[in-house]
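K.L.:
Numbering-wise (the numbering used here), the sequence shown opens with residue -6 and increments by one.
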Amino acid sequence: MRCEDFDELIHLFWDGRINEREREELEGHLSTCKRCKEKLALLESIEKGAKGIKIKEPSQEYWDAFSSRVRERIIAQKEASFSFKLKKALENIFTFSPLRVKIAAGVMSIVFVFIVGKLYFDYRGKEILPTTPRVERREKPAPHAPELKRETVPLEEGAKKKKAITPTDKSEIPAVPQVIPEEKTISVAPIEEKEEKKDEIGPPPEELKKSAAPQIVSEEKITPGIVEPKEEFLSTEAYSTGAGVEEKGKVLEQAAPPEPKAKEMDAVRAARKPPAVVFDRAIQAASEKEYYVINDKKLPKLKEEYIHLQEDILRETIKSWMVYIQENPKDSLANEGYLQVAIAYYLLSKLTQDESDIAQSIEVLEKYEKQVPDPKTKEELNKKLKQLRALKEK
(Lines of atoms letter the chains of each structure in order from A and count residues from 1; the text may use other names and numbers.)
(Lines give C-alpha, C1' and ligand atoms only; values in the text may rest on other atoms or scores of the structure.)
Protein backbone atom coordinates (compact mmCIF):
# COMPACT_ATOMS: atom_id res chain seq x y z
CA MET A 1 0.00 0.00 0.00
CA ARG A 2 1.20 3.50 -0.76
CA CYS A 3 1.25 6.37 1.70
CA GLU A 4 -1.40 8.23 -0.35
CA ASP A 5 -3.78 5.31 0.10
CA PHE A 6 -3.06 5.37 3.83
CA ASP A 7 -4.00 9.07 4.02
CA GLU A 8 -7.37 8.25 2.46
CA LEU A 9 -8.10 5.28 4.76
CA ILE A 10 -6.71 6.56 8.06
CA HIS A 11 -9.85 8.49 9.00
CA LEU A 12 -12.08 5.55 8.12
CA PHE A 13 -9.78 3.29 10.15
CA TRP A 14 -9.97 5.64 13.11
CA ASP A 15 -13.79 5.67 12.94
CA GLY A 16 -13.96 1.89 12.41
CA ARG A 17 -15.68 2.09 9.00
CA ILE A 18 -13.35 -0.08 6.87
CA ASN A 19 -13.75 -3.75 6.03
CA GLU A 20 -11.49 -6.56 7.14
CA ARG A 21 -9.39 -6.73 3.95
CA GLU A 22 -8.60 -2.99 3.97
CA ARG A 23 -7.83 -3.18 7.69
CA GLU A 24 -5.27 -5.96 7.13
CA GLU A 25 -3.63 -3.99 4.29
CA LEU A 26 -3.48 -0.86 6.46
CA GLU A 27 -1.94 -2.70 9.41
CA GLY A 28 0.62 -4.32 7.11
CA HIS A 29 1.56 -0.90 5.72
CA LEU A 30 1.92 0.57 9.22
CA SER A 31 4.31 -2.21 10.18
CA THR A 32 6.65 -1.29 7.33
CA CYS A 33 6.16 2.54 6.96
CA LYS A 34 7.58 4.66 9.76
CA ARG A 35 5.97 7.91 8.50
CA CYS A 36 2.44 6.59 8.51
CA LYS A 37 3.00 4.95 11.90
CA GLU A 38 4.08 8.30 13.43
CA LYS A 39 1.09 10.05 11.85
CA LEU A 40 -1.29 7.51 13.36
CA ALA A 41 0.32 7.93 16.80
CA LEU A 42 -0.08 11.72 16.51
CA LEU A 43 -3.76 11.40 15.73
CA GLU A 44 -4.26 9.04 18.68
CA SER A 45 -2.62 11.50 21.06
CA ILE A 46 -4.77 14.38 19.77
CA GLU A 47 -7.87 12.31 20.23
CA LYS A 48 -6.95 11.38 23.79
CA GLY A 49 -6.13 15.01 24.66
CA ALA A 50 -9.44 16.23 23.27
CA LYS A 51 -11.36 13.73 25.35
CA GLY A 52 -9.64 14.94 28.52
CA ILE A 53 -10.75 18.57 28.08
CA LYS A 54 -13.91 19.51 29.94
CA ILE A 55 -15.92 22.62 28.96
CA LYS A 56 -17.57 24.62 31.75
CA GLU A 57 -21.34 24.87 31.33
CA PRO A 58 -22.81 28.46 31.27
CA SER A 59 -25.07 29.58 34.11
CA GLN A 60 -28.86 29.64 34.00
CA GLU A 61 -28.92 33.44 33.67
CA TYR A 62 -27.02 33.13 30.36
CA TRP A 63 -29.70 30.90 28.89
CA ASP A 64 -32.53 33.11 30.20
CA ALA A 65 -31.16 36.21 28.43
CA PHE A 66 -30.04 34.30 25.30
CA SER A 67 -33.24 34.77 23.24
CA SER A 68 -33.49 38.51 23.98
CA ARG A 69 -29.86 39.05 23.00
CA VAL A 70 -30.36 37.21 19.70
CA ARG A 71 -33.50 39.26 18.91
CA GLU A 72 -31.72 42.55 19.63
CA ARG A 73 -28.83 41.57 17.39
CA ILE A 74 -31.18 40.68 14.50
CA ILE A 75 -33.05 43.99 14.84
CA ALA A 76 -29.82 45.96 14.96
CA GLN A 77 -28.53 44.21 11.83
CA LYS A 78 -31.82 44.91 10.03
CA GLU A 79 -31.80 48.61 10.97
CA ALA A 80 -28.25 48.96 9.68
CA SER A 81 -29.27 47.89 6.13
CA PHE A 82 -29.83 50.46 3.29
CA SER A 83 -33.33 49.23 2.42
CA PHE A 84 -34.56 49.80 5.98
CA LYS A 85 -33.17 53.35 6.02
CA LEU A 86 -34.83 54.15 2.64
CA LYS A 87 -38.17 52.79 3.77
CA LYS A 88 -37.98 54.83 6.97
CA ALA A 89 -37.23 58.00 5.03
CA LEU A 90 -40.20 57.47 2.68
CA GLU A 91 -42.50 56.88 5.62
CA ASN A 92 -41.43 60.20 7.12
CA ILE A 93 -42.13 62.02 3.83
CA PHE A 94 -45.66 60.67 3.23
CA THR A 95 -46.74 60.71 6.85
CA PHE A 96 -48.20 64.14 7.68
CA SER A 97 -49.98 65.45 10.66
CA PRO A 98 -53.59 66.73 10.18
CA LEU A 99 -52.38 70.32 10.33
CA ARG A 100 -49.85 69.80 7.55
CA VAL A 101 -52.47 68.11 5.38
CA LYS A 102 -54.82 71.07 5.74
CA ILE A 103 -52.11 73.60 4.88
CA ALA A 104 -50.97 71.65 1.80
CA ALA A 105 -54.55 71.23 0.51
CA GLY A 106 -55.24 74.96 0.88
CA VAL A 107 -52.08 75.96 -1.00
CA MET A 108 -52.84 73.57 -3.89
CA SER A 109 -56.42 74.87 -4.18
CA ILE A 110 -55.23 78.47 -4.41
CA VAL A 111 -52.68 77.61 -7.11
CA PHE A 112 -55.26 75.65 -9.14
CA VAL A 113 -57.82 78.50 -9.04
CA PHE A 114 -55.15 81.00 -10.11
CA ILE A 115 -54.09 78.91 -13.13
CA VAL A 116 -57.68 78.33 -14.32
CA GLY A 117 -58.56 82.01 -13.98
CA LYS A 118 -55.49 83.15 -15.90
CA LEU A 119 -56.23 80.75 -18.77
CA TYR A 120 -59.83 81.93 -18.92
CA PHE A 121 -58.96 85.64 -19.14
CA ASP A 122 -56.13 85.03 -21.65
CA TYR A 123 -58.27 83.11 -24.19
CA ARG A 124 -61.57 84.95 -23.71
CA GLY A 125 -62.84 86.57 -26.90
CA LYS A 126 -60.24 84.89 -29.13
CA GLU A 127 -61.23 82.63 -31.99
CA ILE A 128 -59.01 79.79 -33.09
CA LEU A 129 -58.58 79.98 -36.87
CA PRO A 130 -57.61 76.97 -39.00
CA THR A 131 -54.03 76.89 -40.27
CA THR A 132 -55.03 76.08 -43.87
CA PRO A 133 -57.83 77.91 -45.72
CA ARG A 134 -60.82 75.91 -46.81
CA VAL A 135 -61.19 75.40 -50.53
CA GLU A 136 -64.55 74.46 -51.94
CA ARG A 137 -64.35 72.05 -54.86
CA ARG A 138 -66.85 72.40 -57.61
CA GLU A 139 -67.15 69.97 -60.46
CA LYS A 140 -67.05 71.56 -63.87
CA PRO A 141 -69.98 70.62 -66.12
CA ALA A 142 -69.08 68.56 -69.17
CA PRO A 143 -68.97 70.63 -72.37
CA HIS A 144 -71.86 70.04 -74.74
CA ALA A 145 -71.24 68.67 -78.19
CA PRO A 146 -71.59 71.20 -80.99
CA GLU A 147 -74.90 71.14 -82.74
CA LEU A 148 -75.00 69.84 -86.29
CA LYS A 149 -75.56 72.42 -88.98
CA ARG A 150 -78.47 71.86 -91.25
CA GLU A 151 -78.59 73.36 -94.68
CA THR A 152 -81.75 73.50 -96.73
CA VAL A 153 -81.41 72.42 -100.33
CA PRO A 154 -84.35 72.33 -102.73
CA LEU A 155 -85.57 68.92 -103.77
CA GLU A 156 -84.96 69.71 -107.43
CA GLU A 157 -81.23 70.31 -106.89
CA GLY A 158 -80.98 66.94 -105.14
CA ALA A 159 -82.54 65.26 -108.15
CA LYS A 160 -80.11 67.08 -110.48
CA LYS A 161 -77.13 65.83 -108.46
CA LYS A 162 -78.42 62.30 -108.81
CA LYS A 163 -78.58 62.60 -112.59
CA ALA A 164 -75.15 64.27 -112.78
CA ILE A 165 -73.36 61.35 -111.10
CA THR A 166 -72.24 58.63 -113.52
CA PRO A 167 -70.40 55.33 -112.86
CA THR A 168 -67.19 56.90 -114.15
CA ASP A 169 -67.39 59.59 -111.42
CA LYS A 170 -67.19 57.08 -108.58
CA SER A 171 -64.31 57.78 -106.28
CA GLU A 172 -63.16 56.27 -103.04
CA ILE A 173 -63.65 58.61 -100.13
CA PRO A 174 -60.55 58.48 -97.91
CA ALA A 175 -61.23 57.45 -94.36
CA VAL A 176 -60.29 60.06 -91.80
CA PRO A 177 -59.49 58.80 -88.30
CA GLN A 178 -61.58 60.47 -85.64
CA VAL A 179 -60.00 61.58 -82.38
CA ILE A 180 -62.50 61.35 -79.53
CA PRO A 181 -61.75 64.00 -76.88
CA GLU A 182 -61.29 62.92 -73.28
CA GLU A 183 -64.25 63.03 -70.85
CA LYS A 184 -66.72 64.36 -73.42
CA THR A 185 -70.14 63.13 -74.45
CA ILE A 186 -71.41 62.98 -78.01
CA SER A 187 -75.05 63.04 -78.98
CA VAL A 188 -76.27 62.76 -82.56
CA ALA A 189 -79.85 63.46 -83.42
CA PRO A 190 -81.72 60.75 -85.40
CA ILE A 191 -81.97 61.28 -89.14
CA GLU A 192 -85.44 61.14 -90.54
CA GLU A 193 -86.08 59.15 -93.67
CA LYS A 194 -88.78 59.54 -96.15
CA GLU A 195 -90.32 56.58 -97.90
CA GLU A 196 -90.63 57.04 -101.64
CA LYS A 197 -92.12 54.97 -104.35
CA LYS A 198 -90.15 51.97 -105.60
CA ASP A 199 -90.41 53.01 -109.25
CA GLU A 200 -88.75 56.41 -108.60
CA ILE A 201 -86.02 55.32 -106.18
CA GLY A 202 -84.14 52.03 -106.32
CA PRO A 203 -83.34 50.02 -103.18
CA PRO A 204 -80.37 51.56 -101.31
CA PRO A 205 -77.28 49.41 -100.75
CA GLU A 206 -76.60 47.77 -97.35
CA GLU A 207 -73.92 50.26 -96.42
CA LEU A 208 -76.26 53.20 -97.04
CA LYS A 209 -78.95 51.51 -94.97
CA LYS A 210 -76.55 51.30 -92.04
CA SER A 211 -75.51 54.95 -92.40
CA ALA A 212 -79.15 56.13 -92.80
CA ALA A 213 -80.35 54.30 -89.65
CA PRO A 214 -80.92 56.43 -86.54
CA GLN A 215 -77.69 56.83 -84.61
CA ILE A 216 -78.13 57.42 -80.90
CA VAL A 217 -75.11 57.48 -78.64
CA SER A 218 -75.77 57.07 -74.92
CA GLU A 219 -74.53 59.74 -72.55
CA GLU A 220 -71.49 57.75 -71.29
CA LYS A 221 -67.88 58.78 -70.81
CA ILE A 222 -65.60 57.70 -73.63
CA THR A 223 -61.92 57.13 -72.99
CA PRO A 224 -59.46 58.91 -75.28
CA GLY A 225 -58.33 57.04 -78.33
CA ILE A 226 -58.41 56.99 -82.14
CA VAL A 227 -61.25 55.31 -84.00
CA GLU A 228 -60.52 54.38 -87.59
CA PRO A 229 -63.77 54.25 -89.62
CA LYS A 230 -64.26 51.52 -92.19
CA GLU A 231 -63.79 52.45 -95.82
CA GLU A 232 -67.09 53.03 -97.59
CA PHE A 233 -67.79 53.30 -101.31
CA LEU A 234 -70.61 55.38 -102.72
CA SER A 235 -72.64 54.21 -105.67
CA THR A 236 -74.65 56.21 -108.19
CA GLU A 237 -77.64 56.04 -105.88
CA ALA A 238 -75.85 57.83 -103.03
CA TYR A 239 -77.71 61.06 -103.66
CA SER A 240 -81.17 59.56 -104.03
CA THR A 241 -84.07 61.29 -102.34
CA GLY A 242 -84.44 58.41 -99.90
CA ALA A 243 -80.92 58.79 -98.44
CA GLY A 244 -80.51 61.93 -96.34
CA VAL A 245 -83.57 63.77 -97.85
CA GLU A 246 -86.23 65.02 -95.46
CA GLU A 247 -89.75 66.12 -96.13
CA LYS A 248 -90.27 69.47 -97.82
CA GLY A 249 -87.02 69.03 -99.81
CA LYS A 250 -84.48 69.46 -96.98
CA VAL A 251 -81.15 67.64 -97.10
CA LEU A 252 -79.25 66.92 -93.85
CA GLU A 253 -75.47 67.19 -94.03
CA GLN A 254 -73.29 66.10 -91.14
CA ALA A 255 -70.21 68.13 -90.26
CA ALA A 256 -66.87 66.47 -91.09
CA PRO A 257 -64.94 65.16 -88.08
CA PRO A 258 -61.89 67.15 -86.95
CA GLU A 259 -58.52 66.05 -88.28
CA PRO A 260 -56.28 64.32 -85.72
CA LYS A 261 -53.12 66.02 -84.51
CA ALA A 262 -49.74 64.86 -85.80
CA LYS A 263 -48.34 64.12 -82.31
CA GLU A 264 -51.31 61.92 -81.43
CA MET A 265 -50.95 59.96 -84.68
CA ASP A 266 -47.22 59.39 -83.98
CA ALA A 267 -48.01 58.15 -80.48
CA VAL A 268 -50.58 55.68 -81.86
CA ARG A 269 -48.16 54.39 -84.50
CA ALA A 270 -45.46 53.89 -81.84
CA ALA A 271 -47.93 51.99 -79.63
CA ARG A 272 -48.85 49.67 -82.53
CA LYS A 273 -45.26 48.55 -83.14
CA PRO A 274 -44.79 44.86 -82.29
CA PRO A 275 -42.54 44.15 -79.27
CA ALA A 276 -38.93 43.40 -80.02
CA VAL A 277 -37.94 39.74 -79.71
CA VAL A 278 -34.81 39.15 -77.61
CA PHE A 279 -32.92 35.91 -78.28
CA ASP A 280 -30.45 34.21 -76.04
CA ARG A 281 -26.92 35.38 -76.85
CA ALA A 282 -25.54 31.88 -77.00
CA ILE A 283 -28.23 30.56 -79.35
CA GLN A 284 -28.15 33.70 -81.48
CA ALA A 285 -24.38 33.55 -81.89
CA ALA A 286 -24.52 29.87 -82.77
CA SER A 287 -27.36 30.32 -85.25
CA GLU A 288 -25.80 33.33 -86.96
CA LYS A 289 -22.11 32.38 -87.12
CA GLU A 290 -21.32 28.68 -86.54
CA TYR A 291 -23.55 25.67 -87.00
CA TYR A 292 -23.60 22.16 -88.48
CA VAL A 293 -26.13 20.54 -90.80
CA ILE A 294 -26.50 16.89 -89.73
CA ASN A 295 -29.13 14.67 -91.35
CA ASP A 296 -31.09 17.70 -92.55
CA LYS A 297 -30.94 19.22 -89.05
CA LYS A 298 -29.31 22.53 -88.23
CA LEU A 299 -27.31 22.06 -85.01
CA PRO A 300 -25.42 24.91 -83.27
CA LYS A 301 -21.73 24.59 -82.58
CA LEU A 302 -21.69 24.27 -78.79
CA LYS A 303 -19.15 25.86 -76.48
CA GLU A 304 -18.66 25.61 -72.73
CA GLU A 305 -19.82 29.20 -72.16
CA TYR A 306 -23.28 28.43 -73.63
CA ILE A 307 -24.75 27.74 -70.18
CA HIS A 308 -28.18 29.21 -70.99
CA LEU A 309 -29.23 26.51 -73.46
CA GLN A 310 -32.38 24.58 -72.68
CA GLU A 311 -32.42 20.90 -71.75
CA ASP A 312 -34.38 19.74 -74.82
CA ILE A 313 -31.91 21.46 -77.18
CA LEU A 314 -28.95 19.71 -75.53
CA ARG A 315 -30.64 16.30 -75.62
CA GLU A 316 -31.58 16.74 -79.29
CA THR A 317 -27.99 17.73 -80.13
CA ILE A 318 -26.60 14.66 -78.31
CA LYS A 319 -29.05 12.32 -80.04
CA SER A 320 -28.36 13.71 -83.54
CA TRP A 321 -24.55 13.53 -83.16
CA MET A 322 -24.62 10.00 -81.70
CA VAL A 323 -26.69 8.77 -84.64
CA TYR A 324 -24.30 10.44 -87.08
CA ILE A 325 -21.20 8.97 -85.36
CA GLN A 326 -22.75 5.50 -85.39
CA GLU A 327 -23.54 5.73 -89.10
CA ASN A 328 -20.28 7.49 -90.13
CA PRO A 329 -17.54 6.52 -87.66
CA LYS A 330 -14.69 7.21 -90.11
CA ASP A 331 -16.00 10.50 -91.49
CA SER A 332 -13.88 13.65 -91.04
CA LEU A 333 -16.75 15.29 -89.18
CA ALA A 334 -16.90 12.48 -86.62
CA ASN A 335 -14.11 14.06 -84.51
CA GLU A 336 -16.18 17.23 -84.24
CA GLY A 337 -19.13 15.04 -83.30
CA TYR A 338 -17.19 13.48 -80.41
CA LEU A 339 -16.34 16.92 -79.04
CA GLN A 340 -19.89 18.25 -79.50
CA VAL A 341 -21.32 15.24 -77.65
CA ALA A 342 -18.83 15.77 -74.80
CA ILE A 343 -19.65 19.48 -74.48
CA ALA A 344 -23.39 18.81 -74.69
CA TYR A 345 -23.19 16.14 -71.98
CA TYR A 346 -21.16 18.48 -69.75
CA LEU A 347 -23.65 21.35 -70.16
CA LEU A 348 -26.58 18.98 -69.59
CA SER A 349 -25.04 17.58 -66.39
CA LYS A 350 -24.38 21.08 -65.03
CA LEU A 351 -27.93 22.11 -65.90
CA THR A 352 -29.84 19.15 -64.42
CA GLN A 353 -27.39 18.06 -61.64
CA ASP A 354 -28.92 14.59 -62.06
CA GLU A 355 -26.76 11.60 -61.08
CA SER A 356 -28.21 9.43 -63.85
CA ASP A 357 -27.30 12.02 -66.52
CA ILE A 358 -23.77 12.36 -65.12
CA ALA A 359 -23.30 8.58 -65.02
CA GLN A 360 -24.58 8.20 -68.58
CA SER A 361 -22.27 11.01 -69.74
CA ILE A 362 -19.22 9.34 -68.19
CA GLU A 363 -20.15 5.96 -69.70
CA VAL A 364 -20.59 7.35 -73.24
CA LEU A 365 -17.40 9.45 -73.15
CA GLU A 366 -15.32 6.52 -71.84
CA LYS A 367 -16.60 4.45 -74.78
CA TYR A 368 -15.77 7.23 -77.27
CA GLU A 369 -12.32 7.73 -75.72
CA LYS A 370 -11.42 4.13 -76.50
CA GLN A 371 -12.64 4.14 -80.12
CA VAL A 372 -11.53 7.63 -81.26
CA PRO A 373 -8.27 7.48 -83.33
CA ASP A 374 -7.30 11.18 -83.17
CA PRO A 375 -5.00 11.89 -80.16
CA LYS A 376 -6.10 15.53 -79.88
CA THR A 377 -9.76 14.55 -79.75
CA LYS A 378 -8.94 11.84 -77.22
CA GLU A 379 -7.20 14.42 -75.02
CA GLU A 380 -10.25 16.72 -75.14
CA LEU A 381 -12.53 13.81 -74.22
CA ASN A 382 -10.24 13.00 -71.30
CA LYS A 383 -10.56 16.59 -70.01
CA LYS A 384 -14.34 16.43 -70.20
CA LEU A 385 -14.29 13.10 -68.33
CA LYS A 386 -12.30 14.70 -65.51
CA GLN A 387 -14.78 17.57 -65.31
CA LEU A 388 -17.74 15.18 -65.19
CA ARG A 389 -16.10 13.03 -62.49
CA ALA A 390 -15.43 16.14 -60.41
CA LEU A 391 -19.07 17.16 -60.91
CA LYS A 392 -20.20 13.71 -59.77
CA GLU A 393 -18.13 13.92 -56.57
CA LYS A 394 -19.86 17.17 -55.62
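The beta-carbon is built from N, C-alpha and C at its ideal position, and this holds for glycine as well.
Is the beta carbon of W314 less than 9 Å from the beta carbon of I287?
P.N.:
Taking 9 Å as the Cβ cut-off, W314 and I287 qualify as a contacting pair.
K.L.:
Alpha carbon to alpha carbon, what distance is there between E65 and V94?
P.N.:
36 Å
K.L.:
Pick helix, strand or coil for V365, following the three-state DSSP scheme.
P.N.:
Reduced to three states, the DSSP call for V365 is coil.
K.L.:
For L92 and S52, what's the separation of their Cα atoms in angstroms?
P.N.:
Taking the straight line joining both Cα atoms gives about 55 Å.
K.L.:
Using a 10 Å radius around the Cβ and a threshold of 16 neighbouring Cβ atoms, would you call I311 buried or exposed?
P.N.:
buried
K.L.:
On the premise that L307 lies in contact with L340, defined as a C-beta separation below 8 Å, what is that separation, rounded to the nearest angstrom?
P.N.:
6 Å
K.L.:
Where DSSP assigns a beta bridge to I287, which residues make up the other side?
P.N.:
Beta-bridge pairing links I287 to K290.
K.L.:
Please list the terminal residues of the continuous alpha helix (DSSP H) segment that includes E65.
P.N.:
Annotation for E65: the continuous alpha helix (DSSP H) segment containing it runs F59 to E72.
K.L.:
Between the Cα of S354 and the Cα atoms of E329, R382, E372 and E373, which residue gives the shortest distance?
P.N.:
R382
K.L.:
With D347 as the anchor, note down where its alpha helix (DSSP H) starts and where it stops.
P.N.:
In the DSSP assignment, D347 falls outside any alpha helix (DSSP H) and carries neither an H nor an E.
K.L.:
Which word fits G330, buried or exposed, when buried means at least 16 other C-beta atoms lie within 10 angstroms of its C-beta?
P.N.:
buried
K.L.:
Look up T328 in the DSSP assignment and say whether it is helix, strand or coil.
P.N.:
Reading the sequence as shown, one finds Asn at residue 328 and not Thr. Helix.
K.L.:
Is it buried or exposed for R299, if we count other Cβ within 10 angstroms and need 16 for buried?
P.N.:
Correcting the residue type first, residue 299 is Tyr in the shown sequence and not Arg. Y299 is buried by the Cβ-count criterion.
K.L.:
Would you identify the three-state DSSP class for E386, choosing helix, strand or coil?
P.N.:
When DSSP states are grouped into helix, strand and coil, E386 belongs to the helix group.
K.L.:
Just to confirm my understanding: we take T216, look at its own chain, exclude 5 residues before and 5 after, and list those with CB closer than 7 Å. What are they?
P.N.:
Any reading at T216 must be qualified, since the residue scores a pLDDT of 43, below 50, and its modelled position is unreliable; no value is offered.
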